[in-house]
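Sequence order for the protein chains is A and B.
Residue 548 is where the first sequence ends in the working numbering, and the numbering goes up by one at each step.
Residue 548 is where the second sequence ends in the working numbering, and the numbering goes up by one at each step.
Beta carbons: idealized from backbone N, C-alpha and C, even for Gly.
Protein chains: 2
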Amino acid sequence: MTQEPRYRRIAEELRKAIIEHAYGPGGRLPSEGTLAEQYAVSRGTIRQALMLLRHDGLVTSRRGTRRVVLDDAPVQDFAQMQSFARWARSIGEVPGGLVIRQGWYPADAEEQRSLRIGDDARVLRVLRLRRLSGRPAMLERTSYPEAVGAIVEPLRTDTVSVTEFLERGGVYVADAEHTIDLVRADAEDAEHLECEVADPLLRERRRTTDPAGVPLEWSEDRYLPGSIAFVVHNSLASTPLTRQHMMPGAGSDFGSGSGSGSGSGSES
Amino acid sequence: MTQEPRYRRIAEELRKAIIEHAYGPGGRLPSEGTLAEQYAVSRGTIRQALMLLRHDGLVTSRRGTRRVVLDDAPVQDFAQMQSFARWARSIGEVPGGLVIRQGWYPADAEEQRSLRIGDDARVLRVLRLRRLSGRPAMLERTSYPEAVGAIVEPLRTDTVSVTEFLERGGVYVADAEHTIDLVRADAEDAEHLECEVADPLLRERRRTTDPAGVPLEWSEDRYLPGSIAFVVHNSLASTPLTRQHMMPGAGSDFGSGSGSGSGSGSES
DNA sequence: CAGTGGTCTAGACCACCGG
DNA sequence: CGGTGGTCTAGACCACTGG
């Protein structure tokens with residue numbers, strides 16, 4: 281039962297206390313030494329716990345002063361960020377998923393690079409519409425490498441959560457990289473998202489890998505504006521956020537929806 | 281001279297080795313024990329170094345196996361993300377800044393909340409146009425609390441980097457929270473960014489705090505599309521990325537540029 | 001100045017992965 | 001099974017903050 285490491289459980293207790301405003305905001309946490317005594321663990325363990333809160337932007341840390349509680353950050357866990365369905369449920373919406381088209385194709389250059397596969401490899405391309413309580417919210421073009429595709433392919437087309445299915449099969453996501461920018465809807469986007477061609481959409485391109493570093497999927501998701509925002513926290517301690525320059529004309533493809541990446545099924 | 285802690289210097293050496301493809305990608309790092317010997321430090325110090333690379337998404341880590349090198353991540357340091365000018369230089373562009381309007385105003389509700397100040401506090405609102413090598417790239421509406429505003433106010437209107445100026449004054453940013461979504465240009469946006477009213481823009485709302493947790497600025501930046509993307513890395517180890525739901529009608533303000541937040545100078 | 005967090009050590013035990 | 005990383009301990013010294 282008690283398989284969660286000590287420092288994680290301590291971090292959870294502290295997080296809860298903070299969210300319930302036991303200290304702040306602006307309040308000071310007990311010192312590491314005091315906490316170590318209270319929890320009857322060594323200072324190192326306490327530091328590990330506090331590190332978690334630090335990375336989530338819940339507390340500061342400076343030599344010389346006690347840690348200060350920051351405002352509540354909109355903290356989600358990794359699992360929730362990784363799965364559209366889980367996220368939807370957490371905000372009280374009913375997630376819907378529907379596969380519009382899927383099939384095996386030879387990997388194009390972008391897929392070969394992103395999924396780290398050879399130029400003779402096949403990928404499963406899936407075009408999927410995501411709904412929030414019935415309303416179209418996002419159109420997802422995903423490419424899976426052979427091994428993962430074989431698991432995903434036989435799924436019912438209305439499977440709500442692919443991520444959760446993969447987890448039951450022992451496939452876990454450990455890392456993800458997201459690129460967020462703006463594109464305009466192509467004909468396919470407009471049809472399924474029920475908007476006009478050339479309407480602006482929020483685009484998230486995503487590459488996920490398993491704990492061994494093996495790429496699991498490469499996806500381009502296009503969100504209708506007004507329903508979603510991305511929130512990022514960064515700090516001196518850890519900075520996963522980056523601006524990226526785009527060569528004029530490249531990157532932000534207007535119109536040609538299948539673009540360079542995982543266009544899904546426009547072929548045939 | 282040797283003031284950088286040991287583990288950071290080790291991390292830098294390893295990062296360099298990785299970027300120069302001394303191991304991978306896909307290659308395996310030496311074990312922690314081996315590295316500890318090589319650098320003549322304890323295993324704990326090596327683990328601290330590796331933790332940095334882990335959070336940057338450069339290597340994996342799993343019990344039982346050696347760490348695996350992932351693809352090169354687009355790693356920037358915090359300072360670069362924090363400063364438009366520094367970022368611009370790093371991609372070989374010439375940053376430009378021009379204050380269009382600034383002035384002191386009573387803090388509105390949003391500013392009071394974001395900057396954690398009372399309802400009788402004043403803020404300095406600055407409307408600033410940012411250029412990349414001459415071309416308009418971003419329009420920035422920033423609100424500073426009294427203390428910071430007093431430092432920023434006397435600056436020349438063409439000051440390229442406010443961040444760098446503040447650092448010279450001993451003001452350092454330690455934490456930031458970013459919310460990214462899509463809006464349409466209002467009249468003010470269109471005028472200065474040289475686009476049409478209602479053109480889509482990428483919006484980044486940002487709140488930064490100093491090492492003690494005191495809010496330093498609250499800003500709403502609007503980028504012309506096609507010139508920038510945001511890249512986020514997240515992992516089981518640390519997940520600062522979040523989707524956020526928006527109430528229909530709220531959040532994504534169309535038109536009223538000064539929105540709920542730090543509208544700058546539309547008043548008068 | 002006393003108290004705090006940042007760094008570092010040297011050791012221990014365990015869970016897990018691969019051969 | 002041996003080797004690996006994950007967890008945890010008990011101590012030490014230092015840099016910095018604040019009164």
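Item                                                                                                              : Value
Through-space distance from B:R402 to A:Y319, alpha-carbon basis                                                  : 43 angstroms
Neighbour list for B:R396 in chain A, Cβ cutoff strictly below 9 angstroms                                        : P305, G306, D351
Short-range partners of chain A found in the stretch 499 to 511 of chain B, where Cβ spacing is below 8 angstroms : P505, G506, S507, I508, A509, F510, V511
Residue-level contact to chain A via CB, B:V440, 8 angstroms cutoff                                               : no
Bridge-paired residues (DSSP) for A:G377                                                                          : A:R410
Below-8 angstroms beta-carbon distance, A:S542 vs any chain B residue                                             : Residue confidence for A:S542 is low, a pLDDT of 40 falling below 50, so the modelled location carries little weight and cannot support an answer.
Residue span of the alpha helix (DSSP H) that contains B:L332, given as start and end                             : 323 to 335
Nearest-angstrom Cβ-Cβ length linking A:V339 and A:G306, presumed shorter than 8 angstroms                        : Actually they do not touch by this definition, with Cβ atoms about 11 angstroms apart.
Any non-hydrogen atom of the ligand SAH within 7 angstroms of A:E390 CB                                           : Among the ligands in the structure shown, none appear at all, so the ligand SAH cannot be discussed.
Distance, A:R485 Cα to A:W384 Cα                                                                                  : 20 angstroms
Identity of the residue in B:R411, B:A478, B:V428, B:D400 nearest B:R369 by Cα                                    : B:R411
Rounded C-alpha distance that separates A:E293 from A:Y287                                                        : 10 angstroms
Cβ-based neighbour list, B:G337, same chain, cut-off 7 angstroms, excluding 5 preceding and 5 following           : L350, A353, H513, S515
Under the three-state DSSP convention, the category B:I290 falls into                                             : helix
Cβ-based neighbour list, A:S394, same chain, cut-off 7 angstroms, excluding 5 preceding and 5 following           : R487, P495, W498
Residue-chain proximity (A:R342, chain B), Cβ-Cβ < 8 angstroms                                                    : yes
Three-state class that DSSP yields for B:A387 in the structure shown                                              : coil
Residue from B:G304, B:T325, B:A302 whose Cα sits closest to the Cα of B:G313                                     : B:T325
Chain-ordered neighbours of A:H458 on chain B, where CB pairs are closer than 9 angstroms                         : F510, V511, V512, H513, N514, L521
Closest residue to A:R381 among A:G372, A:P434, A:S413 (Cα-Cα distance)                                           : A:P434
Length at least 4, wholly inside the stretch 401 to 467 of chain B: the alpha helix (DSSP H) runs in chain order  : 426 to 432, 442 to 448
Opening and closing residue of the beta strand (DSSP E) in which B:E497 lies                                      : 495 to 503
Listed by chain order, chain A residues near B:L315 by CB distance under 9 angstroms                              : Ordered by position in chain A, no residue passes the 9 angstroms Cβ test against B:L315, which lies about 18 angstroms from the chain.
Partners in chain A for B:F358, counting only beta-carbon separations shorter than 8 angstroms                    : N514, S515, L516, T519
For A:V440, the nearest candidate out of A:E500, A:G429, A:A365 (CA to CA)                                        : A:A365
Per DSSP, the bridge partner or partners of A:E474                                                                : Paired residues: none, contrary to the question.
Nearest-angstrom beta carbon gap, A:A316 and A:S322 [assumed within contact, 8 angstroms]                         : 6 angstroms
First through last residue of the alpha helix (DSSP H) which encompasses A:R485                                   : Element bounds for A:R485: not the alpha helix (DSSP H) but the beta strand (DSSP E), 480 to 489.
Own chain, CB closer than 7 angstroms to A:G537, minus 5 neighbours either side, in chain order                   : With a pLDDT of only 33 at A:G537, under 50, the local geometry of the prediction cannot be trusted, and no value is derived from it.
Chain A within 8 angstroms of B:G443, Cβ atoms only                                                               : It is worth fixing the name first, because residue 443 of chain B is Thr in this sequence and not Gly. With 8 angstroms as the cut-off, B:T443 does not count as an interface residue toward chain A.
Rounded Cβ spacing between B:R346 and B:R308 (contact assumed at less than 8 angstroms)                           : 4 angstroms
Residues bridged to A:S515 [DSSP beta-bridge criterion]                                                           : B:D455
Close Cβ partners of B:L409 (< 7 angstroms) along its chain, the five nearest in sequence each way excluded       : L378, I380, P416, L419, H472
For A:R346, three-class secondary structure by DSSP                                                               : coil
Chain B contact for A:G449 (CB, 8 angstroms cutoff)                                                               : no
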